[in-house]
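Here is the structure we will look at, set down as structure tokens.
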Amino acid sequence: MVQIVNVVASGSLNVEQDLKAVAEELDDVVDYDPNKYPGAYFRFSDATSLITLYRTGKYIITGADSEGDASAIRARFLELLAERGILDSPDDDWFTVQNFVCTADLDRSLNLNALAIGLGLEWTEYEPEQFPGLIFRPPDAPCVALLFASGKIVLTGCPDIETAETTFEDVQSQIHSLLPAD
DNA sequence: TAACTAGCTTCTTATATAACAATGCATG
DNA sequence: CATGCATTGTTATATAAGAAGCTAGTTA
Numbered sequence: 024m025v026q027i028v029n030v031v032a033s034g035s036l037n038v039e040q041d042l043k044a045v046a047e048e049l050d051d052v053v054d055y056d057p058n059k060y061p062g063a064y065f066r067f068s069d070a071t072s073l074i075t076l077y078r079t080g081k082y083i084i085t086g087a088d089s090e091g092d093a094s095a096i097r098a099r100f101l102e103l104l105a106e107r108g109i110l111d112s113p114d115d116d117w118f119t120v121q122n123f124v125c126t127a128d129l130d131r132s133l134n135l136n137a138l139a140i141g142l143g144l145e146w147t148e149y150e151p152e153q154f155p156g157l158i159f160r161p162p163d164a165p166c167v168a169l170l171f172a173s174g175k176i177v178l179t180g181c182p183d184i185e186t187a188e189t190t191f192e193d194v195q196s197q198i199h200s201l202l203p204a205d
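24 is the number of the first residue of the first sequence in my numbering; add one for each residue after it.
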């Protein structure tokens with residue numbers, strides 16, 4: 024079973040925004056420094072996720088821990104903009120989760136050197152002096168898996184949770200046939 | 001020289017290593 | 001009181017995705 028640790032989603036207000044004015048109006052929740060970065064950061068004190076709003080009206084949500092959490096934060100964001108007169112009518116435009124980052128545990132230790140060869144050198148990158156994890160890009164999945172000697176796994180770039188789960192199951196069965204049990 | 005493209009910036013999150021800084025505690 | 005060792009803490013490394021804007025490099 025995989026656990027979602029981060030969800031990245033994007034959407035659009037479809038209205039160009041005056042970020043300087045928005046930052047002044049919502050001083051307590053917005054961080055905006057155009058010299059550092061063109062986006063304005065929205066943070067709710069009781070939520071972990073971050074919303075970055077751009078001049079064009081497009082925005083991204085990062086740090087949500089489920090798809091529902093991302094939707095809930097988006098709803099609060101639109102409501103806040105509406106009640107402060109920044110957005111006339113929160114119109115429902117496309118809002119999509121772009122990336123699910125998940126963790127999983129194989130409950131066994133891994134020999135990463137053997138695994139790099141077993142999974143296929145063309146699909147793996149393992150340079151322990153640079154990074155302790157083995158990077159695996161499954162040829163038939165749109166996501167990337169980071170495998171660690173402890174048996175912990177990070178799956179990232181997953182367009183949906185089903186992809187994360189099937190990729191985890193695939194990795195698990197490949198390891199079962201490639202490596203001897205502990 | 002203008003237009004275009006590519007790459008980097010910021011942020012989030014788990015994972016695990018090394019290298020480093022700073023502090024705590026004990027022994028001489 | 002000073003030095004040594006241990007522990008804790010921070011930073012770096014790498015991964016994916018979105019966004020806008022800047023710069024560098026290439027091409028017509």
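We treat Cβ as the ideally placed atom computed from N, Cα and C, and that holds for glycine.
In the three-state reduction of the DSSP assignment, residue 124 falls in the strand class, which pools E and B. Taking C-beta atoms as the reference points, residue 139 and residue 157 count as a pair closer than 7 Å. Shortest Cα-Cα distance from residue 79 to any of 187, 188, 35, 145 involves 35.
Counting only residues of its own chain and dropping the five nearest sequence neighbours on each side, residue 108 has no CB closer than 6 Å to any other CB.
By a beta-carbon distance limit of 8 Å, residue 53 does not contact residue 93. Their separation comes to about 19 Å. Of the candidates 32, 196, 29, 56, 56 places its Cα closest to the Cα of residue 42. As summarised for the stretch 24-85, the continuous alpha helix (DSSP H) elements at least 4 residues long and confined to that stretch are 42-48, given in chain order.
Within the same chain, and ignoring the five residues on either side of residue 170 in sequence, the residues whose Cβ sits closer than 7 Å to its Cβ are 133, 135, 138, 156, 157, 159, 176. In this structure, DSSP gives residue 133 a state outside helix and strand, which the three-state scheme calls coil.
Straight across, the Cα-Cα distance linking residue 87 with residue 105 is about 22 Å. Contact annotation: residue 63 and residue 96 have beta-carbon atoms that are not nearer than 7 Å. Per DSSP, the continuous beta strand (DSSP E) segment holding residue 176 begins and ends at 175-181.
Closest option to residue 142, judged by alpha-carbon separation, among 162, 151, 99: 162. For the pair residue 84 and residue 30, the Cα-to-Cα distance works out to about 8 Å. Distance from the CA atom of residue 179 to the CA atom of residue 45, rounded to whole angstroms, is 33 Å.
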